[in-house]
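Engineer:
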Amino acid sequence: MMAAVQPAGLTERWTENTVTGVSRGRPWTALWQARELIGYLALRDLRLRYRQAVLGVIWVLAQPIASVAIFTVVFSRLAGVGSEGVPYPLFALVGMVTWTYFSGTVASASTVLVNNASLVTKVYFPRMAAPAASLLPPGIDLVMSLVLVGALAAWFGVFSGVRLLAAPFWLLLLLVSAFGVSLWLAALNVRYRDIQHAVAPVLQLWLFASPVAYPATLLSGWKELVYAVNPMVGVIGLGRWALLGTPWPGWSLMVSAGSAALVLISGLVYFSRAQRSFADVI
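For reference, each letter of the sequence shown is one residue, going 1 to 282 in UniProt numbering.
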């Protein structure tokens, strides 16, 4: 029997199923190339969230309003906590709106890869696109909540003036903080499924460890700087300064910004290494 002979110069070729136009480049380049996929994943999440939702936007505003009402009674009326010179309901609302975006993004991103296991195992795409898509749907809720902040600020006659121009930097720091934590949890949850069960209670504790209902200035000196290692301390402080005109956060903002940058950079490194085995262990 004569064995089949492969013609000279002909080599076996394998074709990988990939998302069109996406290459294995640097993280930011790959994310930009996968922007359509990110938009699709975000839009799908929005549709699932609001499908057959009768009250729609009301649910988005109900949580911060209810939380602010409780915080006003407990922290302002009973505990006598200060609000840095602005009406306490407005002070607490900015903190709660900021926290709601952060916690919503982190909770969604922590399970996004596991929930899309079939996509991860069958199609190549920048895995980072999945947690990146989780940044967008809560952004719609954030915009709606900021409208409420504006209405309440007008009611109390609070206007921050030119400081309002710093709001984009506040949003950028918020995005950096949320994305860094999201990368860590999304990657860890692929290998350790206990992560998804721990996220909710950890976020609940993190809420009270952040200056959502009270000012960070309750601490001073080195204690305030250690406290500012929590990235949300700087994010919330900068948001209140830009939107409400509260005092400048000072060195605590620098510490929080550095902490957020460290979490993001380390998250990018860990995620890039861990993603090589996602399809094998998911």
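Just so it is clear, CB atoms sit at the ideal spot from N, CA and C, and this is done for glycine as well.
Check G21 in the structure and name its three-state DSSP category.
Structural biologist: For G21, the predicted model reports a pLDDT of 48, less than 50, meaning its position is unreliable and no value from the coordinates is stated.
Engineer: One question on the structure: do L203 and P126 come within less than 8 angstroms of each other, judged by their Cβ atoms?
Structural biologist: Cβ distance not < 8 angstroms, so L203 and P126 don't count as in contact.
Engineer: Can you say whether residue 295 is buried or exposed, counting buried as having 16 or more other CB atoms within 10 angstroms of its CB?
Structural biologist: The displayed coordinates of the chain run from 1 to 282. Any statement about residue 295 would go beyond what the structure contains.
Engineer: With distances taken Cα to Cα, identify the nearest neighbour of V248 among L172, V226, S160.
Structural biologist: It should be pointed out that residue 248 corresponds to Trp in this sequence rather than to Val. Ranking the options by Cα distance to W248, first place goes to S160.
Engineer: Using the beta-carbon count (16 or more within 10 Å), is A132 buried or exposed?
Structural biologist: Counting Cβ neighbours within 10 Å, A132 comes out buried, since at least 16 surround it.
Engineer: By the three-class DSSP mapping on this structure, what secondary structure does A79 have?
Structural biologist: Correct three-state label for A79: coil.
Engineer: Going straight from the alpha carbon of V106 to that of F156, what length do you get?
Structural biologist: Computed Cα separation, rounded: 32 angstroms.
Engineer: Once the 5 residues before and after F91 are set aside, which same chain residues still bring their CB inside 6 angstroms of it?
Structural biologist: Cβ within range, chain order: S83.
Engineer: Could you tell me if V22 is buried or exposed, where buried requires 16 or more neighbouring beta carbons within 10 angstroms of its beta carbon?
Structural biologist: Because the pLDDT at V22 is just 48, under 50, the model does not fix this residue reliably, and the value given afterwards should be weighed accordingly. With 16 or more other Cβ atoms within 10 Å, it is buried.
Engineer: With burial defined as no fewer than 16 other Cβ atoms inside 10 Å of the residue's Cβ, what is the status of L165: buried or exposed?
Structural biologist: Exposed, because fewer than 16 other Cβ atoms sit within 10 Å of the Cβ of L165.
Engineer: Who are the near neighbours of A153 in its chain, counting only those whose CB is closer than 8 angstroms to its CB and skipping five residues on each side?
Structural biologist: Excluding positions up to five away in sequence, the list reads L90, F159, L243, L244.
Engineer: With a Cβ-Cβ cutoff of 8 angstroms, do S256 and V235 count as a contact?
Structural biologist: Yes. Within cutoff.
Engineer: Which residue marks the beginning of the alpha helix (DSSP H) containing E224, and which one marks its end?
Structural biologist: 222–227 is the span of the alpha helix (DSSP H), which, as asked, contains E224.
Engineer: Answer yes or no: do A186 and V112 have a C-beta to C-beta separation smaller than 8 angstroms?
Structural biologist: Cβ atoms of A186 and V112: closer than 8 angstroms.
Engineer: So, with DSSP's three-state summary, where would you put D280?
Structural biologist: Helix.
Engineer: I'd like the list of long-range same chain contacts for W184, defined as Cβ closer than 6 angstroms, with 5 residues on each side in sequence excluded.
Structural biologist: G267, listed in sequence order.
Engineer: According to DSSP, is G237 helix, strand or coil?
Structural biologist: Helix, per DSSP.
Engineer: Grouping DSSP H, G and I as helix and E and B as strand, with all else coil, what is A213?
Structural biologist: DSSP places A213 in coil when its eight states are reduced to three.
Engineer: Within this structure, are the beta carbons of V68 and F75 separated by less than 8 angstroms?
Structural biologist: Not a contact, by the Cβ cut-off of 8 angstroms.
Engineer: Of all the alpha helix (DSSP H) runs that stay within the bounds of the region 241–274, which reach a length of 4 or more residues?
Structural biologist: You should have 251–274.
Engineer: Can you check whether the CB of G85 is closer than 8 angstroms to the CB of T246?
Structural biologist: Taking 8 angstroms as the Cβ cut-off, T246 and G85 qualify as a contacting pair.
Engineer: Should R77 go down as buried or exposed, given a rule of 16 or more other Cβ atoms within 10 Å for buried?
Structural biologist: Looking at its Cβ environment, which holds fewer than 16 other Cβ atoms inside 10 Å, R77 is exposed.
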